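Line by line, the protein sequences give chains A and B.
Using the UniProt record's numbering, read the first sequence as starting at 1 and increasing by one per residue.
Using the UniProt record's numbering, read the second sequence as starting at 1 and increasing by one per residue.
Data block below; observations after.
Number of protein chains: 2
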Amino acid sequence: MYTSLAFSFMPYKTILSPRASITTQDNKNATVYRTKVSRNPTMEKLQYNYLFPEISEREAQHAKKYPNAKIISLGIGDTTEPLPDVVASSMANYAYSLSTRTGYRGYGAEQGSKDLRKAIAETFYKDMGIQGAEVFVSDGAQCDISRLQMLFGSNMSIAVQDPIFPAYIDSSVIIGQTGDVEQGSGRYQNIEYMRCDPHHNFFPDLSKTARTDIIFFCSPNNPTGHAASWEQLEQLVKLAQENGSIIVYDSAYAVYITDGSPRSIYEIPGAKKVAIEVSSFSKIAGFTGVRLGWTVVPKELLYSNGFPVINDFNRIICTCFNGASRIAQAGGLASLSSEGFKSVMSLVDYYKSNAEILLETFESLGLKAYGGVNAPYLWVHFPGSNSWDVFNEILEKTHIITVPGSGFGPAGKEYIRVTAFGHRENILEASDRLRSLLL
Amino acid sequence: MYTSLAFSFMPYKTILSPRASITTQDNKNATVYRTKVSRNPTMEKLQYNYLFPEISEREAQHAKKYPNAKIISLGIGDTTEPLPDVVASSMANYAYSLSTRTGYRGYGAEQGSKDLRKAIAETFYKDMGIQGAEVFVSDGAQCDISRLQMLFGSNMSIAVQDPIFPAYIDSSVIIGQTGDVEQGSGRYQNIEYMRCDPHHNFFPDLSKTARTDIIFFCSPNNPTGHAASWEQLEQLVKLAQENGSIIVYDSAYAVYITDGSPRSIYEIPGAKKVAIEVSSFSKIAGFTGVRLGWTVVPKELLYSNGFPVINDFNRIICTCFNGASRIAQAGGLASLSSEGFKSVMSLVDYYKSNAEILLETFESLGLKAYGGVNAPYLWVHFPGSNSWDVFNEILEKTHIITVPGSGFGPAGKEYIRVTAFGHRENILEASDRLRSLLL
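Right, here's the structure in full:
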């Protein structure tokens with residue numbers, strides 16, 4: 001049984017220092033011209049470099065140190081399997097048709113093509129009363145989260161799960177909704193952190209959750225891989241109703257749910273009046289590099305003055321965005337066709353099988369791993385340890401990239417996140433290497 | 001000679017009313033559930049619906065009224081000619097390769113591929129000292145303008161040309177940099193409007209321009225089609241240096257310049273320390289539906305505290321964006337190849353010939369038309385008239401869509417903007433119809 005990782009090597013002390021201070025030092029040379037424009041104080045509040053570029057940087061450093069090592073990435077959650085032929089062909093045909101007089105198209109509707117909006121509504125929101133006109137096609141969920149922050153503005157109070165994908169918090173800091181970070185806890189003032197850990201079945205104690213305007217909620221959760229149950233989501237909607245809050249529900253991994261838990265917040269009665277849903281083709285159809293997602297804003301969702309949120313979101317989309325690439329939209333539509341959807345769901349199954357292999361691996365090491373059943377992520381507990389140390393040690397000993405849990409919030413400090421995206425042979429090799437830690 | 005348009009039909013009074021007030025009325029039904037979330041007050045400041053969706057709406061209404069009319073759009077500046085084969089094929093091949101094990105790619109760098117960044121630097125900024133690492137690939141200039149506003153934040157003061165493409169002002173309002181709109185003038189408080197009209201060769205009187213943190217400047221200007229001269233841009237850079245301001249220079253139409261005027265702000269000595277440049281493949285390569293652009297942030301550009309703007313912009317790109325579609329990037333790279341660039345520039349020439357035809361047409365009508373030489377836009381003066389009335393009358397009498405100048409700011413109220421994008425036969429037919437106004 002695995003007992004402990006020896007923290008024998010030097011931590012990369014400088015890596016987590018904000019680049020700010022380093023670079024500012026360099027520029028204290030009085031001869032360098034500076035504008036008289038003040039740096040945005042909200043940008044100054046951001047504490048660390050953005051998590052995933054940071055991990056890429058560490059991977060590059062490791063590759064330099066061990067030029068012959070075969071690094072396996074179980075880090076950034078990035079799809080690895082080729083697109084189904086029907087999807088790739090549809091994009092190829094669409095792209096090629098742009099060279100013909102009859103096939104050429106210029107600007108599309110900022111909100112996305114009607115066909116695609118309708119197909120999204122029918123595929124993912126059947127019998128939930130969501131119309132195509134309430135679906136806004138985007139270039140990805142992360143981009144839409146920032147556009148939602150522009151929509152909301154700096155006066156909103158927000159709640160987030162802890163741990164959580166960092167884009168919600170970072171975009172909240174940038175738009176000016178937060179105070180400074182509290183040293184020690186690493187938490188920003190004016191954000192309500194909803195602790196989600198195994199003791200509470202990865203759901204917050206809502207009796208202790210302060211009222212906020214916006215509640216960001218991601219299910220299946222990134223990083224924990226936990227899919228909220230019917231009962232949990234009913235509680236969440238009830239909380240929003242009682243508090244008059246708006247839920248921003250991130251369902252980017254919903255197609256990985258196979259245990260019968262809800263795949264959309266709109267499966268919960270009453271949710272259309274209190275929730276926006278953000279989602280993506282990235283992990284459904286392998287579109288991480290193609291870039292396509294969507295956001296649902298129901299017409300029934302109203303601000304306190306009765307003004308429909310959808311009208312303002314439409315204005316944001318028309319002013320700050322110009323539509324997703326038409327080629328990507330053609331691919332999205334193909335992936336929702338009968339043949340296409342079957343094909344992309346078989347890729348989802350493939351990644352779910354990877355997750356099973358990894359779950360068994362960590363269990364064989366005597367480690368507790370959560371998630372991995374309804375999600376392509378495992379959340380592995382290393383009690384009493386520091387997640388960046390665990391990240392470093394796994395990398396040093398096995399040449400495997402993971403993600404340190406503390407990158408997702410204070411509640412992640414004893415965890416690492418492991419992705420199930422990968423070629424099967426790499427997952428199997430990673431499994432062997434991890435098991436060898438025991439030897 | 002053309003003397004006057006009779007304003008004989010009813011203006012569409014309601015169309016310019018903010019949807020806000022209409023819909024709010026509808027929702028005063030007390031039985032409708034409302035959240036307790038306040039509408040973002042900055043969104044409430046936006047006065048009108050976004051210009052181009054509004055024009056699309058009017059076009060749809062006209063088509064309904066005259067179902068047999070062949071409407072010709074000289075309105076939204078949207079490319080119409082098929083992509084060069086080399087460009088479309090590169091995207092088709094790239095898209096298809098995503099269905100192969102060796103060709104599949106997931107997430108790319110948020111900043112764009114190194115190859116493309118390098119190609120942009122070498123094609124457009126040769127001998128200006130701009131490196132690929134200072135080029136950030138995006139999904140379009142409009143999107144990057146909003147990301148720049150997130151970067152700057154609500155405390156910045158801004159200046160804009162008047163008239164100007166509305167995205168700068170609208171995104172400034174949304175991010176909270178402005179006060180309310182002044183009824184009558186239609187101008188927002190806290191924005192410095194730099195009047196650019198024929199009397200001053202479409203360049204502001206800088207001696208009367210108040211100091212602002214940010215100066216948005218678009219050249220060739222959309223809508224006037226004026227390309228700023230060397231002398232004008234030298235004055236602009238000098239102003240930024242004296243005031244410690246940052247210029248955000250929009251060069252989306254720069255490839256249309258053929259009179260020797262600068263195509264980049266970085267042609268002006270010293271500009272790298274005071275300017276960001278935003279640009280796009282939309283009007284270079286016909287990518288309005290493909291979605292690809294870029295922003296240059298030179299390393300030398302520093303905030304007052306010495307912190308490099310590029311570091312914060314990089315953080316914005318990593319947090320609020322996830323890279324342009326890899327397929328679009330493949331197309332962008334192909335369009336900058338030797339064969340590709342020659343092909344796309346022949347399309348630029350095609351549109352410039354359209355502009356010549358339209359210039360002659362308006363001149364034959366005795367109207368003064370500006371632009372059209374270094375830009376795909378004409379800015380046509382109708383002295384003493386109201387631009388929405390002119391828009392309506394041209395539409396009613398000729399079934400031609402234009403853009404009312406007042407949509408670009410108060411200085412545009414006697415103008416319409418006419419685009420030179422279009423199939424040649426449509427441009428010729430539009431020319432005939434316009435000439436018939438004389439008969």
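By construction, the Cβ of each residue, glycine as well, lies at the ideal position given by its N, Cα and C atoms.
Only a predicted model underlies this, so the values are computations on that prediction, with no experimental measurement involved.
Comparing C-alpha distances from serine 346 (chain A) to each of A:Ile72, A:Val135, A:Ala285 and A:Ala324 shows the shortest one belongs to A:Ala285. Residue pairing for aspartate 78 (chain B): DSSP places it in no beta bridge.
A contact between stretches requires three or more CB pairs, one per stretch, nearer than 8 angstroms, and the region 83-90 of chain B fails this requirement with the region 108-124 of chain B. The beta carbons of arginine 105 (chain A) and glycine 75 (chain B) sit no closer together than 7 angstroms. Any Cβ of chain B closer than 7 angstroms to the Cβ of serine 304 (chain A) would place that residue at the interface, and such an atom is present. Take asparagine 354 (chain A), set aside five residues on each side of it, and the residues of its chain with a beta-carbon closer than 7 angstroms to its own are Ala420, Gly422, Arg424 and Ile427, in chain order. Residues of the region 91-107 of chain B with a Cβ closer than 7 angstroms to any Cβ of chain A, in chain order: Met91, Ala92, Ala95, Tyr96, Leu98, Ser99, Thr100, Arg101, Tyr104, Arg105, Gly106 and Tyr107. Residues of chain B with a Cβ closer than 9 angstroms to the Cβ of glycine 186 (chain A) do not exist, since the nearest Cβ in that chain sits about 17 angstroms away.
Distances from the CA of asparagine 155 (chain B) to each of B:Arg147, B:Ala334, B:Ile316 and B:Ile214 were compared; the closest alpha carbon is that of B:Ile214. By the neighbour-count criterion, in which a residue is buried when 16 or more other Cβ atoms sit within 10 angstroms of its Cβ, aspartate 162 (chain A) is buried. Leaving aside the five residues that flank leucine 83 (chain B) on each side, the residues in its chain whose CB is nearer than 6 angstroms to its CB run, in chain order, Gly286. Annotated three-state conformation of lysine 299 (chain B) is coil, per DSSP. As a beta-bridge residue in DSSP terms, proline 308 (chain A) pairs with A:Leu302. Interface flag for lysine 36 (chain A) against chain B is set, since a Cβ pair is found closer than 7 angstroms.
When only Cα atoms are considered, phenylalanine 321 (chain A) and valine 137 (chain A) end up about 11 angstroms apart. Per DSSP, threonine 361 (chain A) lies in no beta strand (DSSP E); the unbroken alpha helix (DSSP H) holding it starts and ends at 338-364. For chain B, none of the residues of the region 406-426 of chain A brings a beta carbon within less than 7 angstroms of one of its beta carbons. In this structure, the beta-carbon distance from glycine 153 (chain A) to threonine 319 (chain B) does not fall below 7 angstroms. Residue-level contact check: phenylalanine 307 (chain A) touches chain B, since one or more beta carbons of chain B fall below 7 angstroms from its beta carbon. Looking at B:Ser146, B:Gln47, B:Val248 and B:Ser304, the one whose alpha-carbon comes closest to that of glycine 184 (chain B) is B:Gln47. Residue A:Ile158 holds the alpha-carbon nearest to the alpha-carbon of glycine 176 (chain A) among A:Phe165, A:Ile158, A:Gly186 and A:Glu182. Between leucine 233 (chain B) and leucine 206 (chain B), the C-beta gap is not smaller than 7 angstroms, which leaves the two residues out of contact.
Taking 8 angstroms as the upper bound for CB-CB distance, aspartate 139 (chain A) and leucine 292 (chain A) are in contact here, some 7 angstroms apart. Collapsing the DSSP output to three states places isoleucine 174 (chain A) in a helix.
Residues of the region 320-345 of chain B with a C-beta atom less than 8 angstroms from some C-beta of chain A are Cys320, Phe321, Asn322, Gly323, Ala324, Ser325, Arg326, Ile327, Ala328 and Gly331, listed in chain order. Counting only residues of its own chain and dropping the five nearest sequence neighbours on each side, serine 282 (chain A) has a CB closer than 6 angstroms to the CB of Thr288.
The beta carbons of tyrosine 94 (chain A) and isoleucine 400 (chain A) sit no closer together than 7 angstroms.
In this structure, tryptophan 388 (chain B) keeps its C-beta atom at 7 angstroms or more from the C-beta atom of tyrosine 415 (chain B).
Here lysine 273 (chain A) has Gln241, Pro298, Glu300, Leu301 and Leu302 as same chain residues with Cβ atoms under 8 angstroms from its own Cβ, once five neighbours each way along the sequence are excluded.
In the DSSP assignment, glycine 371 (chain B) falls within the beta strand (DSSP E) that extends over 368-371.
In the three-state DSSP reduction, methionine 128 (chain B) falls in the coil class, being neither helix nor strand.
The beta-carbon separation of proline 223 (chain A) and glycine 412 (chain A), rounded to 7 angstroms, stays under the 8 angstroms limit for a contact. Within chain B, the residues Arg101 and Tyr104 have their CB atoms less than 9 angstroms from the CB of glutamate 81 (chain A), given in chain order.
Sixteen is the threshold: since fewer than 16 other Cβ atoms of the shown chains lie within 10 Å of the Cβ of tryptophan 230 (chain A), the residue is exposed. Annotation: cysteine 143 (chain A) is outside any beta strand (DSSP E); the continuous alpha helix (DSSP H) that includes it extends over 141-152. From the listed residues B:Tyr249, B:Ser436, B:Met150 and B:Tyr168, the smallest Cα separation to alanine 228 (chain B) is found for B:Tyr249.
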